[in-house]
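Student: Residue numbers (this note's numbering), protein chains in the order written: chain A, 2 to 132; chain B, 2 to 132; chain C, 2 to 132.
My questions all concern the structure below.
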């Protein structure tokens, strides 16, 4: 079990961690199997979407901010209920395939750490499930 | 393949099943691998979020009820289209890591069965994928 | 690693791929394990929901179209930001259990390819993780 550390610098942002995942695959010499990427936090998540144009993740964040307002009919006293809701909508994990030592992703796909209550130091566990 | 049985008592509620998952890990003597928790129903789901303050899951449920109204432009005749929609938004499964016989979760994380059309008797399949 | 090819014929539709997954399980003689179904695209997804009444997936699509409008405060220039947003809400993968050579699903569950920006030729990777 490995971990990727992520340092977010804004309250809300998508951080592309694809290159860190690729680097870990090379370092660990993983060849064929799957990787589970699991976010250890309840106000963040993991998602896969387009990494070529940064406008895409900007549009996702703006949509989420509009749909899940920061202030609302919330009882949780920490004032970050919107971040918890977004975490459950986006999901806290993703699983990706590795084949011949390479991450199997579509042309436009990147893996993002989704920060909804930063800036914070975050941790993503990486679990290799080999053939 | 094991199963966790869940009895919901309300139309909508999040039921914390973390302790049942931990108990199963102990009983089965699972040491190192991952667990797939798969909900066998189309009007419920599985999510991971904060278990310390029950206001968090309350806030998620209230948000979902507001965003996905019980009555709407629906064609499905059973009157529970909102529950089906919530199920696809939240997702019907989660995968968690087990290391040294222990569930690997963040400090605030709990595993919840998300009931959207109860009260009902529900079943979550548990599939061990060991190293 | 196998693949399922999907040809969508509308801009938005849910395509039931359950029978194709079952056929692959038979052909590959997979007996006991899990299958990861991973969509290689950023404007589509995979979800599990009711397959008996087609109104259910119609209701999910109508809800998503209303909640994530085609036109909005978007910066991505390709005009399909709504499809990217829906992809991250629904998720790009699902994992299912196989036992005794059979897909383990609830009575009403089917596996759907969720097209949000068709018509297009699409690919779902299928990764077997056997016991």
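Even glycine gets a Cβ: it sits at the ideal position worked out from N, Cα and C.
(1) Whole angstroms is fine: what's the gap from residue 167/C's alpha carbon to residue 35/B's?
(2) Hey, out of 95/A, 70/A, 99/A, whose CA is closest to residue 85/A's CA?
(3) Are residue 92/B and residue 46/B close, meaning C-beta to C-beta below 8 Å?
(4) For the candidate residues 127/B, 121/B, 75/B, whose alpha-carbon lies nearest to that of residue 8/B?
(5) How about residue 81/B and residue 108/B: are their beta carbons less than 8 Å apart?
(6) Assuming the contact rule is C-beta atoms closer than 8 Å, residue 114/C and residue 98/A should be a hit. Round their C-beta distance to whole Å, please.
(7) Taking the straight line between their C-alpha atoms, what separation do you get for residue 60/C and residue 72/A?
(8) Pop quiz: residue 33/A and residue 100/A are said to be a contact at Cβ under 8 Å. What is the actual Cβ separation, rounded to whole angstroms?
(9) Confirm the yes/no value for this check: CB of residue 23/C, any heavy atom of the ligand ADP, distance under 7 Å.
(10) Could you give the residue range of the alpha helix (DSSP H) that holds residue 33/C?
(11) Under 7 Å between beta-carbons, which chain C residues line up against residue 69/B? List them in chain order, please.
(12) In or out: residue 62/C buried (at least 16 other Cβ within 10 Å) or exposed?
(13) On the premise that residue 112/C lies in contact with residue 22/C, defined as a C-beta separation below 8 Å, what is that separation, rounded to the nearest angstrom?
(14) Where DSSP assigns a beta bridge to residue 64/B, which residues make up the other side?
(15) Measuring CB to CB, does residue 104/C end up less than 8 Å from residue 87/C?
(16) Going along the chain, which residues of its own chain have a beta-carbon closer than 7 Å to the beta-carbon of residue 16/C, five neighbours each way excluded?
(17) What does residue 74/B touch in chain C if you count any residue whose Cβ is under 9 Å from its own?
(18) With a threshold of 6 Å on Cβ separation, who are the neighbours of residue 14/B within its own chain once the five nearest residues in sequence on each side are excluded?
(19) Distance, Cα to Cα, residue 77/A vs residue 20/C?
(20) Tell me residue 25/C's beta-bridge partners as DSSP assigns them.
(21) Between which residues of its own chain and residue 75/C is the CB-CB distance below 6 Å, once the five residues before and five after are set aside?
(22) Closer than 9 Å between beta carbons: that is the criterion. Which residues of the stretch 100-130 of chain B meet it against chain C?
(23) Give the secondary structure of residue 53/C by DSSP, where H, G and I count as helix, E and B as strand, and everything else as coil.
(24) Comparing C-alpha positions only, which one of 18/B, 41/B, 37/B, 67/B sits nearest to residue 50/C?
(25) Whole-angstrom Cβ separation of residue 90/B and residue 37/A, contact assumed at under 8 Å?
(26) Which residues of chain A have a Cβ atom closer than 8 Å to the Cβ of residue 38/C, listed in chain order?
(27) Apart from the five residues on each side of it in sequence, which residues of its chain come closer than 6 Å, Cβ to Cβ, to residue 125/C?
(28) If you reduce the DSSP assignment to three classes, tell me which class residue 104/B lands in.
(29) Relative to the C-alpha of residue 128/B, which candidate in 18/C, 52/C, 106/C has its C-alpha closest?
(30) When the cut-off is 8 Å and only beta carbons count, does residue 86/A lie next to chain B?
(31) Quick check on DSSP: helix, strand or coil for residue 90/B?
(32) Nearest chain A C-beta to residue 94/C closer than 8 Å, yes or no?
(33) Measure from the C-beta of residue 25/A to each C-beta in chain B and report whether the shortest distance is under 8 Å.
Tutor: In terms of the structure at hand:
(1) It is not possible to answer for residue 167/C, since the shown part of chain C is limited to 2 through 132.
(2) When C-alpha distances from residue 85/A are compared across 95/A, 70/A, 99/A, the shortest belongs to 70/A.
(3) yes
(4) 121/B
(5) No.
(6) Actually they are not in contact, since the Cβ atoms of residue 114/C and residue 98/A sit about 17 Å apart, beyond 8 Å.
(7) Looking at the two C-alpha atoms, the distance is approximately 29 Å.
(8) 6 Å
(9) The ligand ADP is absent from the structure shown, which contains no ligand whatsoever.
(10) Neither: residue 33/C is in no alpha helix (DSSP H) and is coded neither H nor E.
(11) 64
(12) With 16 or more other Cβ atoms within 10 Å, it is buried.
(13) 6 Å
(14) Beta-bridge pairing links residue 64/B to no other residue.
(15) no
(16) 7, 9, 113, 114, 116
(17) Here the neighbours are 60, 63, 64, 67.
(18) Here the set comprises 116.
(19) 44 Å
(20) Answer is none; residue 25/C lacks a bridge partner.
(21) 82
(22) 124, 126, 128, 129, 130
(23) Residue 53/C: coil per DSSP, three-state reduction.
(24) 41/B
(25) 21 Å between Cβ atoms; not a contact.
(26) In chain order: nothing, as chain A lies at least about 10 Å away.
(27) 5, 38, 40
(28) Reduced to three states, the DSSP call for residue 104/B is strand.
(29) 106/C
(30) yes
(31) helix
(32) yes
(33) no
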